[in-house]
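Colleague: Can you read through this structure? Questions will come right after.
Chains as they are written, first to last, in the numbering used here: chain G, 254 to 934; chain S, 254 to 934.
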C-alpha cells in the first residue's frame with residue numbers, strides 16, 4: 254500500500270479523529286516538508302527557476318528519445334497514462350530484474366503473480382470499496398468534477414498570497430484550514446466551501462456538496478452484469494488471500510516473505526489544478542503503474558531478523574518523527590543504532606529499510622537525495638506499528654517512492670473475518686507449556702431458576718466476557734456478592750449473584766500457539782523510482798559550439814537501456830564485417846546493443862548514444878583491434894576484436910568497473926577529427 | 254491478435270458471408286482437427302481415458318505444488334482467473350526472459366510498454382468495440398446467460414449421439430448446423446434455437462433472442478463517468494498507435510519490429526457447458542492473460558527478410574491449407590522450400606515461423622507435438638495475406654498457442670483514418686522516378702454555366718473520382734460525348750459533358766514513395782505455452798514401493814523454476830556451514846536455488862524437488878567435495894566445494910549439458926541408504 258492521499262486515508266482509516274484540528278501543526282509541517290520548504294527554507298525564486306529549467310531539459314530529452322510518451326497520443330492522449338518507449342522499457346526491465354535479484358532471489362522470497370481483475374468481495378474485505386475514495390464536488394451545470402480539498406486549498410493559498418487586506422485572524426484561519434485539510438470530513442469540507450463562496454473555477458457555476466469518489470476502476474465480471482469487480486489498486490491483496498497456501502508451501506514455517514510485481518490501477522481525479530491538466534507530473538502521478546510489493550510475515554512476538562547484521566552498519570539520511578515534529582532536518586543515522594534505540598520499531602523493519610537503501614543506491618539514486626522519513630502519528634493506520642517512506646528528492650520536491658510499513662495483523666484478520674477461512678500460523682512447542690487460562694463456568698441450574706426463558710442469553714453473555722470483564726466481575730462478586738451485568742441480546746442489565754458463575758484462572762497444558770502473523774510490507778512505486786533515477790542520472794556538458802549543451806544520462810551499466818554501441822569508423826566493408834562479428838558476440842553474451850551503420854560522424858553518434866545513457870561505445874577503426882570509449886570520462890582504450898564482447902560483459906555485469914578495465918588496456922587518444930564533430934549534433 | 258472465437262470473428266470481420274453454408278465442409282473439418290479427430294481417427298475410449306488420467310496427474314501436481322491455483326480461492330474463486338504460485342511464477346519469468354533474449358535482443362526489436370486501460374476511441378478504430386462479441390441468450394426468468402452457439406451445438410450433438418430414431422435427413426441437418434455454427438448470424442442462431450425448442454439447460458425456462466455481448470472488460474476513466482474505456486483485449490494496439498514515433502526512432506527506416514509483453518483481458522462467457530463450470534481448462538481458457546506480441550512493419554512490395562537464410566534449412570510439422578482441405582495430415586516441410594513454393598506467403602512470415610519453432614522447442618516443447626497450421630480461407634480476415642498458428646498438442650487436443658499473421662496494412666490504416674494522423678512510411682528514391690499519374694481538371698467555367706449554385710459539389714465529386722471511375726468516364730466521354738454522373742452530396746445524377754472536365758494520364762517526377770506498411774504479427778499466448786510445456790515435461794517413474802509413481806517435471810534448465818537445491822546429507826553443523834557457503838556462491842552467480850535444512854531423508858528430498866523440476870541437486874556429504882545429482886538420469890558426480898557454483902551455472906546457463914559435465918568429474922555411486930528412501934515420499 255503506497256502513494257496517494259486516498260490510500261493514506263485508507264491506511265489511517267476509521268475511526269477518523271473527531272477533532273482533526275489537534276494534529277494541525279504536524280500536518281502543516283508535513284505539507285512544508287513535501288514542498289521542500291522545511292529542508293530548504295531559502296526556496297528562492299531563482300532556485301525554483303533552476304529546478305524548472307533542469308526539469309524541462311530532462312523531460313524534453315526523455316520524451317524526444319522515447320523513454321516515455323503520453324499514451325494514445327494520436328488520439329489526444331489520456332491524462333495519467335504513459336507508454337514506455339524502447340529505452341524506457343529497457344530501463345524498467347533492468348530495474349525489475351535487479352529487484353528480483355536483490356529481493357526475491359537473495360532473500361528466497363515466494364513470488365506470485367495474480368490477476369488485476371479482482372472480485373468485489375476481496376476489496377470489500379480490504380477496505381478499498383468503502384474507504385479508497387477522494388471527496389469530489391461537481392459543477393452543478395456542466396458536471397465537471399473537482400477535488401474538493403484542492404479547491405479549498407487553492408482558495409486559501411490564493412487569499413494568503415494575494416489579499417493584502419487580510420486581518421491577522423483571517424490569516425490564521427486560512428493557515429489553519431490548510432493545516433487540517435487532509436483530515437476534514439465531507440461535511441466539514443462542504444461547509445467551508447459554502448462559507449467561502451467557492452465556485453467552479455472554469456465556469457463560476459455553483460458546486461455540489463462533496464461526495465466520495467472511489468478511486469478504483471470498476472468493471473463487471475462475466476456476461477450477466479451481476480458480478481462487480483475492480484482493477485486492483487495494489488498487488489498486496491493477491492498475496493494475503495493466498496497466505497494459507499504460501500505458508501504451507503514454506504513448510505508451515507515463519508518468517509517468510511512473498512513478493513509480487515504487477516500493474517495496479519487508480520482512477521486518480523487529481524490531474525487538474527484549477528481545471529488545468531498539468532501534464533508535467535509525468536510518471537509521478539499516473540492512473541496505471543507497476544508496483545513491486547513484498548509481504549514479509551513474522552511472528553508478532555519475534556520481529557528479529559537473522560540477516561540484520563548484514564545491514565546494521567549502514568548509515569544514511571533518516572528523518573524520524575521526533576526530528577520532524579521539532580522542526581529539525583533529516584540526519585545521518587546508523588540503522589543498527591536506530592533499531593537498538595527504538596527509533597525504528599523492530600529489526601525486520603530496519604532490515605528492509607537497509608535493503609531498500611542498498612537497492613536504490615545501487616540503481617543509481619544519489620544517496621544524498623534519498624531519505625527515510627517516518628510517518629507522523631496521524632499519517633499512520635491505527636493498527637500500524639511503524640512506517641517509513643523512502644523519499645527521493647527530485648525537481649518536484651521529496652517524492653515518496655517506497656513505503657515500508659509494519660501493518661501488524663490487520664490484512665490477514667480482515668480476510669479471515671470476511672472469508673471465514675483461518676489465516677493463521679502456529680508454533681509447536683518443543684514440549685507442552687503450562688499456561689494460565691481463564692475459565693468461566695456458569696451454573697445452569699442457578700441461571701435457570703433466576704432467568705427462566707432468558708437463561709440461554711445470560712449464559713452466553715457470561716461465557717463471551719473478555720478476560721478483563723471476567724476478572725472485574727470476579728472481584729465484584731467476591732467483595733459485594735452480586736453485580737449488575739449488561740446482556741446485549743436482552744437489551745438490559747441483569748443481576749448476577751455469586752452462586753450463578755464461577756470464574757477462575759486455571760493451569761492448562763498447551764502443545765502449540767496459534768496466532769495471526771504480523772506483516773512488514775515494503776511497497777515500491779517502480780515508475781516513481783525510475784523517474785527520480787532519470788533526474789539523478791541526467792547531466793549536461795558543453796559541446797564544441799558556443800552555448801551548446803550536450804545531454805547525458807549517466808546510468809550505471811546495471812540499468813542502462815543499451816549497454817554498448819558498435820560503429821564502424823567509416824562506412825567501408827571490412828569495418829562493417831568486423832562490426833557485425835562483434836555484434837554477434839555481444840548478442841550471444843546477452844548484451845543489448847545497437848549497431849549503427851549510418852555513416853554519421855563519430856561525434857554525432859557519441860552524442861546520440863550519450864543521450865540515451867549507453868555506457869560503452871565500440872568504434873571499429875581497424876580489423877584486429879577496436880576503440881572502446883567510456884561515456885562519462887570519455888576515456889578510450891584499445892581492445893582486441895576477439896576480446897571486446899567479454900570486456901563489455903565484465904563491465905556491464907558489474908564484475909569490473911571502467912577504472913578496473915582502463916589499466917589493463919592501452920589508452921587510445923581521440924583524433925581531433927573525431928572529437929570536433931561532437932558539436933555537430 | 255490471437256485466440257477465442259470472437260477474435261476470430263473480428264479478424265474475419267465484415268462483410269460476414271451472406272451464405273455461410275458455402276464454407277461448411279471447411280469448418281466441419283476445422284472442428285474435427287481441433288478435437289484431434291482428423292489427426293488421430295482412432296480416438297478410442299481407452300486413449301481418451303489415458304489422456305484424462307495423465308491430465309489429472311499433471312494438474313494435481315501443478316496445483317499441489319502451487320505452480321498455479323484458482324485466484325481468490327478463499328472466496329470461492331472466479332472462473333477463468335488463476336494465480337501463478339512461486340514455481341509457476343518463476344517458470345513464467347524464465348519464459349519471458351528467454352522470449353526477450355530470443356526475439357527482442359536477437360532481432361533488435363523496439364520494445365514498448367503501454368497501459369492496459371484504453372480509451373474507447375482506440376478500440377473503436379480497431380473494430381473491437383463493434384465486433385469483439387459473442388452471441389448470448391438469457392434465461393428469461395433467472396437472467397443466467399449462455400453462449401447461443403454452445404447451446405445449439407450441445408443440442409445437435411446430443412441428438413446425433415443419443416437419438417436412434419433420427420431420419421437420414423435430420424442427421425444430415427444436424428451435422429450441417431454443427432459445420433456452419435461459427436458463421437451463423439444472430440438471427441439465424443435465434444431461428445434455430447426457436448425451431449428446435451431449445452430452453453435454458455438449468456431451469457428449462459424459455460430463452461431470449463441472441464444478443465451480442467462484448468468480450469472486453471468495460472470501465473470508465475476519470476471521475477465524471479463520461480469517458481468510457483476498456484481493459485485492452487490485446488497488446489498490439491499500443492504499438493500501432495505509436496507507429497509514427499517508433500518509425501522515427503528507427504531512423505525512418507523499414508523494416509523494423511516493435512514488441513510488447515503485457516496483460517490482456519477478455520471477459521469470456523464460455524466457462525460453462527450446460528451451465529456447469531469446467532475448471533479443468535485451467536490456463537487454456539482465462540479472462541486475464543499475458544500476451545507477448547510482435548508487430549514487424551515491412552514494405553508491402555518487399556517482404557523479404559535479410560536473416561531468412563538462418564532458418565531456411567529447418568524442417569518441422571506443417572499443415573498447409575491444401576492438406577487440411579483434402580483430408581491429409583500435417584507433414585514435415587522444409588521452411589525454405591515452403592516459402593519458395595508459395596505455401597507460405599513470404600519470407601518474413603516464413604522467418605517468424607522458423608523463429609517461433611526454435612523458441613518453442615528450445616523451451617522444451619516436444620517438436621513432434623508441435624505443428625504450424627495454416628488458416629483456412631474462412632478463418633482469415635479479408636485483408637490478411639496469410640496466417641499460420643503454432644498449435645501444440647496436449648491432453649485437450651491441438652491448442653493454438655502462437656498466431657503468426659500477415660495482417661497487411663489494415664491496423665495502421667484503421668488508426669490513420671480514425672485519428673487523422675498519417676501512419677505511413679516513405680521510401681526516398683536514389684534518383685527521381687518518372688511516374689504516370691491521373692490528372693483530373695474540371696472546367697470551372699463550364700460547370701458554373703451548367704450547374705450554377707451546385708457547381709462546387711459537382712466539381713468536388715469529379716476531383717474525388719477513383720482512377721477506375723475517371724478512366725471509365727474518360728472513355729465514355731470520348732465515345733458518347735456525355736455521361737450520367739452521380740453526385741452524392743446532391744443526392745442525384747447530373748450530366749457531364751466533354752467540355753466540363755479533362756482527364757489525362759500525365760508523366761510526373763517523384764522523389765519518394767509514400768505507403769502504409771504491412772504488418773506481420775506473431776502473437777504469443779504465454780499461459781497456453783506454459784501449460785503445454787507443463788504437460789510435455791511431465792513424466793512419472795516408479796518409486797520403491799509397489800505401484801508407487803513419482804512425479805517429475807523434466808524442465809530444461811532454461812525454464813526450470815529453481816535451478817538447484819542444496820541439502821546437507823545429515824543435520825550436522827559442519828555440513829550446514831558448507832551448504833550455506835555454497836548457497837552464497839549460487840546467489841552471487843544469480844542462480845535460483847533452495848537450501849533445505851529440514852533433515853528429511855535424502856530420497857524424500859530428491860522426490861520433492863523432482864516434482865517441481867529442479868534439474869540439479871547438491872548433497873553436502875563432505876566438507877571439501879560434494880555430490881551433484883542430475884534429475885532425469887539420476888547420475889551423480891563429485892565436485893569440489895569451491896567449484897560447484899560455477900559448474901551449476903555452466904549447465905543452467907546452457908553453456909554445457911549434463912552429458913558434457915559428467916565426463917569431467919568422478920562418478921558418485923549412490924549408497925543403498927540414499928536411494929531406498931526415495932520410496933518414502
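Glycine is no exception: its CB is placed at the ideal position from the N, C-alpha and C atoms.
For residue 286/G, which residues in the same chain have their Cβ closer than 6 Å to its Cβ, ignoring the five residues on either side in sequence?
Modeller: Per-residue confidence for residue 286/G stands at a pLDDT of 47, beneath the threshold of 50, marking its modelled position as unreliable; the derived number appears in the next sentence. If we look at residue 286/G and ignore the five residues flanking it on each side, it has no Cβ neighbours.
Colleague: Between the region 359-383 of chain S and chain G, which residues of the former have CB atoms less than 7 Å from a CB of the latter, in chain order?
Modeller: 359, 363, 364, 365, 366, 367, 368, 369, 370, 372, 374, 375
Colleague: What does the alpha-carbon distance come out to for the pair residue 922/S and residue 897/S?
Modeller: 18 Å
Colleague: Spatial neighbours of residue 245/G within its chain, please: C-beta separation below 7 Å, excluding the five flanking residues on both sides.
Modeller: Nothing in the structure corresponds to residue 245/G, since chain G is present only between 254 and 934.
Colleague: Using three-state DSSP, classify residue 691/G as helix, strand or coil.
Modeller: Three-state DSSP puts residue 691/G in a strand.
Colleague: Using CA coordinates, which residue listed in 612/G, 729/G, 512/G is at the minimum distance from residue 811/G?
Modeller: Of the candidates 612/G, 729/G, 512/G, the one whose C-alpha sits nearest the C-alpha of residue 811/G is 612/G.
Colleague: In the structure shown, what three-state DSSP assignment does residue 470/G receive?
Modeller: coil
Colleague: Going by alpha carbons, who is nearest to residue 690/G out of 763/G, 543/G, 436/G?
Modeller: 763/G
Colleague: With residue 823/S as the anchor, note down where its alpha helix (DSSP H) starts and where it stops.
Modeller: Premise fails: residue 823/S is in no alpha helix (DSSP H) and is neither H nor E.
Colleague: Shortest alpha-carbon distance to residue 670/G belongs to which of 364/G, 543/G, 378/G, 521/G?
Modeller: 378/G
Colleague: Give the straight-line distance between the Cα atoms of residue 570/G and residue 647/G, rounded to the nearest whole angstrom.
Modeller: Spanning the two alpha carbons is a distance of roughly 16 Å.
Colleague: Quick check on residue 682/G: buried or exposed, where buried means 16 or more other Cβ atoms within 10 Å of its Cβ?
Modeller: exposed
Colleague: At a Cβ cut of 9 Å, what residues of the region 822-833 of chain G count as close to chain S, listed as they run along the chain?
Modeller: none
Colleague: Terminal residues of the continuous alpha helix (DSSP H) containing residue 869/S?
Modeller: Element bounds for residue 869/S: not the alpha helix (DSSP H) but the beta strand (DSSP E), 869-873.
Colleague: Work out the CA separation of residue 731/G and residue 709/G for me, nearest whole Å.
Modeller: 24 Å
Colleague: Using the three-state DSSP reduction, which class does residue 800/G fall into: helix, strand or coil?
Modeller: coil
Colleague: Should residue 522/S and residue 398/S be called a contact, given that it needs their Cβ atoms to be closer than 8 Å?
Modeller: yes
Colleague: Please classify residue 589/S as buried or exposed, where buried requires at least 16 other C-beta atoms within 10 Å of its C-beta.
Modeller: buried
Colleague: For residue 320/G, write down the residues that DSSP places opposite it in a beta bridge.
Modeller: Per DSSP, none; premise fails for residue 320/G.
Colleague: Which one of 641/G, 568/G, 809/G, 432/G has the shortest CA to CA distance from residue 615/G?
Modeller: 809/G
Colleague: Since residue 861/S contacts residue 820/S with CB under 8 Å, what's their CB separation in whole angstroms?
Modeller: 10 Å between Cβ atoms; not a contact.
Colleague: For residue 544/S and residue 776/S, which I take to be in contact (beta-carbon distance under 8 Å), what is that distance rounded to the nearest angstrom?
Modeller: About 6 Å separates the two Cβ atoms, so the contact holds.
Colleague: Taking the alpha-carbon positions, what's the residue 728/S to residue 721/S distance?
Modeller: 11 Å
Colleague: Please list, in chain order, all residues of the same chain as residue 490/S whose beta carbon is under 6 Å from its beta carbon, the five residues on each side excluded.
Modeller: Around residue 490/S: 375, 379.
Colleague: At a Cβ threshold of 8 Å, is residue 495/S touching chain G?
Modeller: yes
Colleague: Could you give the distance in angstroms between the alpha-carbon of residue 492/G and the alpha-carbon of residue 419/S?
Modeller: 55 Å
Colleague: Under 7 Å Cβ-Cβ, which residues of chain G neighbour residue 324/S?
Modeller: 367, 368
Colleague: Which whole runs of the beta strand (DSSP E) in the region 343-394 of chain G are 3 residues long or more, in chain order?
Modeller: Segments of the beta strand (DSSP E) lying fully in the region 343-394 of chain G: 370-372, 386-391.
Colleague: According to the Cβ coordinates, are residue 536/S and residue 918/S closer than 8 Å?
Modeller: no
Colleague: Starting from the beta carbon of residue 342/G, find every residue of chain S whose beta carbon is closer than 7 Å, and list them in chain order.
Modeller: Within chain S, the residues near residue 342/G are 364, 365, 366.
Colleague: Can you check whether the C-beta of residue 726/S is within less than 8 Å of a C-beta belonging to chain G?
Modeller: Interface annotation, residue 726/S: not in contact with chain G, CB-CB separation never under 8 Å.
Colleague: Using the rule of at least 16 other Cβ atoms within 10 Å of the residue's Cβ for burial, across every protein chain shown, is residue 364/S buried or exposed?
Modeller: buried
Colleague: Please confirm whether residue 639/S and residue 598/S have their CB atoms less than 8 Å apart.
Modeller: yes
Colleague: In the structure shown, what three-state DSSP assignment does residue 719/S receive?
Modeller: Correct three-state label for residue 719/S: coil.
Colleague: Run through chain S and tell me which residues come within less than 8 Å of residue 741/G, C-beta to C-beta.
Modeller: Within 8 Å Cβ-Cβ: nothing; residue 741/G doesn't reach chain S, min ~30 Å.
Colleague: From residue 592/G to residue 560/G, what does the alpha carbon distance come to, in whole angstroms?
Modeller: 14 Å
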